[in-house]
Amino acid sequence: MASADVEFGCFVGGLAWVTNDQAPERAFSQYGKIIESKIISDRETGRSRGFGFVTFRDEQSMRDAIERMNGQDLDGRNITVKKVHTKRGGGGRGGGDCSGDGGSYGGGGSGYGRREGNSYGGSCSSTTEAADPNKKLGEHFNWKYCAELLYFEASTSKMGMEEACGTSEELMPPVEKDISADLDFKVKKYLRGEGANLEVLQDKKLKGQLAVREKLYGKSAKAAAKTEKWLMPSEEGYLEAEGLEKTWRIKQESIVREVDLLSSRKPFDMVLPDLGPYTLDYTSSGRYMAVAGRKGHLAIIDMKNMGLIKEFQVRETVRDIVFMHNELFFAAAQKKYPYIYSRDGTELHCLKEHGAAVKLKFLKNHFLLASINKFGQLHYQDVTMGEMVGNYRTGLGRCNIMEVNPFNAVVTLGHSCGKVTMWKPTSSAPLVKMLCHHGPISAIALHSGGNLMATAGMDKKIKLWDLRKFEVLHTYPGHAKTLDFSQKGLLAIGNGSLVQIWKDSSGAQAYSRYMSHSMIKGYQVGTVSFQPYEDVLGIGHSMGISSILIPGSGEPNFDTWVANPFENSKQRREKEVHSLLDKLPPETIMLDPTKIGTMRRARKKEKPTNQEREAEMEAAVASVKSITLKKKTKGRNKPSKQATKKQQGIVRAKRPFLEQQMREEQQKLKKQRISEDNQLPKSLQRFGRKQAT
Numbered sequence: 001m002a003s004a005d006v007e008f009g010c011f012v013g014g015l016a017w018v019t020n021d022q023a024p025e026r027a028f029s030q031y032g033k034i035i036e037s038k039i040i041s042d043r044e045t046g047r048s049r050g051f052g053f054v055t056f057r058d059e060q061s062m063r064d065a066i067e068r069m070n071g072q073d074l075d076g077r078n079i080t081v082k083k084v085h086t087k088r089g090g091g092g093r094g095g096g097d098c099s100g101d102g103g104s105y106g107g108g109g110s111g112y113g114r115r116e117g118n119s120y121g122g123s124c125s126s127t128t129e130a131a132d133p134n135k136k137l138g139e140h141f142n143w144k145y146c147a148e149l150l151y152f153e154a155s156t157s158k159m160g161m162e163e164a165c166g167t168s169e170e171l172m173p174p175v176e177k178d179i180s181a182d183l184d185f186k187v188k189k190y191l192r193g194e195g196a197n198l199e200v201l202q203d204k205k206l207k208g209q210l211a212v213r214e215k216l217y218g219k220s221a222k223a224a225a226k227t228e229k230w231l232m233p234s235e236e237g238y239l240e241a242e243g244l245e246k247t248w249r250i251k252q253e254s255i256v257r258e259v260d261l262l263s264s265r266k267p268f269d270m271v272l273p274d275l276g277p278y279t280l281d282y283t284s285s286g287r288y289m290a291v292a293g294r295k296g297h298l299a300i301i302d303m304k305n306m307g308l309i310k311e312f313q314v315r316e317t318v319r320d321i322v323f324m325h326n327e328l329f330f331a332a333a334q335k336k337y338p339y340i341y342s343r344d345g346t347e348l349h350c351l352k353e354h355g356a357a358v359k360l361k362f363l364k365n366h367f368l369l370a371s372i373n374k375f376g377q378l379h380y381q382d383v384t385m386g387e388m389v390g391n392y393r394t395g396l397g398r399c400n401i402m403e404v405n406p407f408n409a410v411v412t413l414g415h416s417c418g419k420v421t422m423w424k425p426t427s428s429a430p431l432v433k434m435l436c437h438h439g440p441i442s443a444i445a446l447h448s449g450g451n452l453m454a455t456a457g458m459d460k461k462i463k464l465w466d467l468r469k470f471e472v473l474h475t476y477p478g479h480a481k482t483l484d485f486s487q488k489g490l491l492a493i494g495n496g497s498l499v500q501i502w503k504d505s506s507g508a509q510a511y512s513r514y515m516s517h518s519m520i521k522g523y524q525v526g527t528v529s530f531q532p533y534e535d536v537l538g539i540g541h542s543m544g545i546s547s548i549l550i551p552g553s554g555e556p557n558f559d560t561w562v563a564n565p566f567e568n569s570k571q572r573r574e575k576e577v578h579s580l581l582d583k584l585p586p587e588t589i590m591l592d593p594t595k596i597g598t599m600r601r602a603r604k605k606e607k608p609t610n611q612e613r614e615a616e617m618e619a620a621v622a623s624v625k626s627i628t629l630k631k632k633t634k635g636r637n638k639p640s641k642q643a644t645k646k647q648q649g650i651v652r653a654k655r656p657f658l659e660q661q662m663r664e665e666q667q668k669l670k671k672q673r674i675s676e677d678n679q680l681p682k683s684l685q686r687f688g689r690k691q692a693t
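In this text, residue positions in the sequence shown follow UniProt numbering: the first is 1, and each later residue adds one.
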């Protein structure tokens, strides 16, 4: 490039993401003739990356622009204007400089910035215009390639991007800073633990393999974080009141008028007056619903298109219904025994060992069917092998309340004496037995997080419990016949003909009324259940089945590896095979499943027995006796003195054992005296001498 065509560029940082190429040109044109104005944009989003370059014809115009525009406002942002630092080369890496004094850009050698066979615009000074890969570069400097060159220099040169144009945080606008911080937080969520410490490795081959693997892990975590951020909805539904309006006063009719057409079809009332009351259950994906009438009516409904899959009559009492691992199988607790049916209504198994079951629950990760019968017997049966895993008597009489903690698969029972017990299939005694109410338990619900439990009793109280400490968090007045937690933590309470929804608005587990719904014509609510991944609450009542909209109850994002509401038959078969391969043994059910895979702490050393202690003392005495004494002169080597020294050594060897024995005897006598004082009559024990502890 000739000296007459020298270009002088300046760097512009701190730009807003909405700034385009024309904005800097309009702002800087008053200081001189501009050759080119270029804003560097992101290749994926197309937005400004927060910096760009402006090229002037003369040096004085560039200096005036830097002096007057630095710190000024452009599109609502205070910009930073600096002179571009260029890299002067020589020889093989491409001499010249990118805003040089008469030199060509990348002249000499094999081209400047050549990387993996792709030139960043450098070539020999003798290259003709037709052979130049960047024709524009020889006659007219392009700052886009300069920006790429600066990024390349940041990784190959000591100068780096910070020396050339400032740090990346200074160049990034505030909006991009927030997005980057949020993305970094999500990347940590998907990282596979701490990376390997490569500095301590001596094997170069292993070090290289681990470096490549860590790089792949980082790329996969970043891709997953971007997918979660840009493709998944960030917020669930909500119901917002204006002014003095209360959300619990809003009726279902008002909500249906405002939602989209697809959501408006989800609320319904299915009136079946002759076969109720009804109970219901959803699959883990929320796609299918099973309903059971007390008088023998069973049906399966596809909730996606509201189509009836199968309906049949068993002609005897049905107390409960529950889906198995998918919609192909379900179990019904009938008059004498539980039965397992296929999706087509074919009876597959009769579980006579369970007896007259009152409640049924399915542990999907362990493939266990749990039941409690009217005699208070708890049964666990493995549905893959057909064997009975556990059969235990609760010893607390008839039990009508049973729930499963989704966090640890512990079965929770509510008894008529006001106690709540927690069970696992490998223990004949309950893991926890706690008195929750001064009256029979009427309902139990467990949060998906595993640390929150809601109970309702006949003493007209609803309590929230912290299962980490087994303490009451809050107590509310009221009665509930049925309770259920949604995926987002909403609590549904059904009693009589009224259904209330409580919400934790403060995040401190302090629930308050969020929505309310009254059943028409006084229908008596029997059970409430939230539909997974939908803002829908299913209600089983004395006259059939109803469904209402509850904004914000369902999880907006679903994982197809866990539950896919849109899965086809092939995906269902593959998922069933994977579930069987990933089946957990019953021994993994415990209160704190995070302990699985950890190391058990070493037990305290047990006290040695008297025989072991005597053996140690005899060994110490024998070692002292075997010691040979030094021979001394002038009468100090008499046999009497040698015997005295050996006897003193034996006493010193025995002393620790004798002192320990004396301390234990003193503690034993002390406990004996305390027990003697406690043997006084209760009326006189208060006057007994208290021993210091």
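Glycine residues also receive a C-beta, built at the ideal position from the N, C-alpha and C atoms.
Candidates the options: closest to residue i by CA position
i	options	result
V212	L198, V411, E612 and S542	L198
K625	A615, H415, R600 and V651	V651
L360	G237, K463, G414 and A333	A333
Q509	H474, M519, V536 and F485	H474
G193	H438, E214 and S683	E214
G418	P406, L396 and K424	L396
R655	M617, S640, G414 and F687	M617
T55	N365, V84 and H354	V84
G355	E253, F367, Q381 and D260	Q381
A563	K205, P551, L74 and S579	S579
F28	S683, S505, L272 and D64	D64
T455	G494, K424, G243 and G376	G494
Q30	R68, R47, R43 and S284	R68
Y282	R393, M662, E534 and T609	E534
I441	I340, K668 and H415	H415
K424	H479, A619 and R393	R393
K229	F185, G195 and L216	F185
G218	W561, S640 and Y190	Y190
Residue i and residue j closer than 8 Å at C-beta
i	j	result
A409	L363	yes
V525	K570	no
W502	S512	yes
K38	G50	no
I545	V256	no
residue 694	I79	Residue 694 lies beyond the range of the chain shown here (1 to 693); nothing can be said about it.
K310	R287	no
P586	T384	no
T279	I321	yes
Close-in-space but distant-in-sequence residues of the same chain around residue i (CB under 6 Å, 5 per side omitted)
i	result
residue 725	Coverage of the chain is limited to positions 1 through 693, which leaves residue 725 absent and any answer about it impossible.
E403	T412, I444 and L446
S516	W248 and Q500
L328	R343
V536	K266 and S547
G522	S497
Straight-line gap, residue i to residue j (C-alpha atoms, nearest Å)
i	j	result
P593	P24	59 Å
P430	K336	26 Å
V318	P477	32 Å
E567	T227	20 Å
G489	A241	20 Å
H239	G390	Here the sequence assigns Leu to residue 239, which means His is not the residue at that position. Taking the straight line joining both Cα atoms gives about 45 Å.
V12	E235	36 Å
L669	M662	11 Å
Sequence-distant residues of its chain with Cβ nearer than 7 Å to residue i (five each side left out)
i	result
F312	L298 and G345
D459	H437, H438 and G439
G449	F407
Burial state of residue i (16 or more Cβ within 10 Å)
i	result
I372	buried
S342	exposed
residue 698	Here the chain has residues from 1 to 693 only, and residue 698 is not among them.
F470	exposed
S547	buried
N557	exposed
E59	exposed
D182	exposed
K461	buried
T644	exposed
Cβ-based neighbour list, residue i, same chain, cut-off 8 Å, excluding 5 preceding and 5 following
i	result
P681	none
E555	E236, Q487, K488, P532 and Y533
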